[in-house]
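Here is the structure we will look at.
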Amino acid sequence: MSAVKAIRTLLVGNAPLVGLVEAAKIVAGTVQQGTVLPAIGIKHIGTVALGAIDAQAESSLVTSRVQVTAYAKGYYGTTKKILEAVRKACNYQRGNLSGVDVVSVLIDMDGPDLEYDDAIHCQSTDYMVTFHRPN
């Protein structure tokens, strides 16, 4: 959850992105059905420990994959515009993000374009978030 928290902090703190998607619609987890779009969902995919050098250290370095999914209704290009703003907000960031000591945030891969009923478009981008996890 720490990596999701860090990514959400970057997103809601980015004025150009919040100009496209209200901060209240940038959620950890699944965007609820019936939410007025556009919206963004942020999910934890998995975490890998990078190995502790010192078993008595206060923290260990870990990397989590976090998936950021943009949802928009109508124009297909809106999801692309949102994900570009997400990339600018997240890629190459580091520091203390809502109490999470982030070493780096790097883009990993883009998911497929999807379309649902009523011309709802969505696409996701995965980020690798490396941070110090308390032991």
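Mapping of the sequence shown onto the numbering used here: position 64 corresponds to residue 584, and the numbering continues sequentially without gaps. C-beta: ideal position from N, C-alpha, C; glycine also.
> Taking the Cβ atom as the reference point for each residue, do V541 and A523 lie within a distance shorter than 8 Å?
Replying inline: no
>> Taking the alpha carbon of T598 as the reference point, which residue from A526, G615, R614 and L634 has its own alpha carbon closest?
In response: L634
>> DSSP three-state label for P536, please.
In response: helix
>> Considering just the uninterrupted stretch of the beta strand (DSSP E) at R653, what are its terminal residues?
In response: I640 to P654
> Does any C-beta atom of chain C lie closer than 8 Å to the C-beta of A575?
Replying inline: Considering every chain present, this structure includes no chain C. It has just one protein chain.
>> DSSP three-state label for E604, please.
In response: helix
> Taking the alpha carbon of L603 as the point to measure from, which residue in A526, S644, M648 and G619 has its own alpha carbon closest?
Replying inline: S644
> If we call anything under 8 Å between Cβ atoms a contact, is A592 one with L557?
Replying inline: yes
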